[in-house]
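Notes to accompany the following structure.
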Amino acid sequence: MSQNPLQPTLGELVSSLTQQMSALVRGEIDLFKAQLMEKGQKFGIAGGLLAGAALLAFFGFGTIIACLVLALAEVLAPWLAALIVAVVLFGIAGALAFVAKKQIDAAGEVKPELAQGLKQDIAIVKEGLSHEHDTAE
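Numbered by this note's numbering, the letters in the sequence shown go through residues 3 to 139 in order.
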């Protein structure tokens, strides 16, 4: 059977397929990189906008606190109005911190059964690795 010079050989076809697959994979990776860059830029802009919003909200909250002090100062001495507002704010902060501590303590507890199960799993893996090492020699 004679080979037609216009038809590629099997080796040439495999080589061409390998090159095309490599080019396709490189193209997909480049596309993925470009998409990640675009998303990163959008996340960066969104993060900056959120930071600006948080800063303005912080100043707004401070203004409301000042408003509360001024409102109380209409019926009380100004120093007493400021003291009352400060005590209330510290009370709220303390309550929030207490709730947060309870949440952290509850989340940080590791159940003894889980810890024991993890220790058993590690021991089994170590035993399996040492057994594989012994059989390989």
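For each residue, glycine too, the CB sits at the ideal point set by N, CA and C.
Express the C-alpha separation of residue j and residue i in angstroms, rounding to a whole number.
i, j, result
"F92", "A109", "25 Å"
"A55", "A83", "29 Å"
"M3", "E30", "Interpretation of M3 is limited by its pLDDT of 48, a score under 50 that renders its predicted location unreliable; the figure taken from the coordinates is listed afterwards. If you take the alpha carbons of M3 and E30, they lie about 41 Å apart."
"A59", "T65", "10 Å"
"E40", "L52", "18 Å"
"G13", "L19", "10 Å"
"L15", "L26", "16 Å"
Taking DSSP as the reference, what is the three-state secondary structure of residue i?
i, result
"E76", "coil"
"T65", "helix"
"Q122", "helix"
"E115", "helix"
"Q21", "helix"
"L82", "helix"
"Q9", "coil"
Which term fits residue i, buried or exposed, when burial requires 16 or more other beta carbons within 10 angstroms of its beta carbon?
i, result
"Q37", "exposed"
Inset, instruction - Decide yes or no for the touch test of the region 87 to 103 against the region 63 to 71: beta carbon pairs closer than 8 Å, at least 3 of them. - result: In short, these stretches touch, since the Cβ pair count reaches three.
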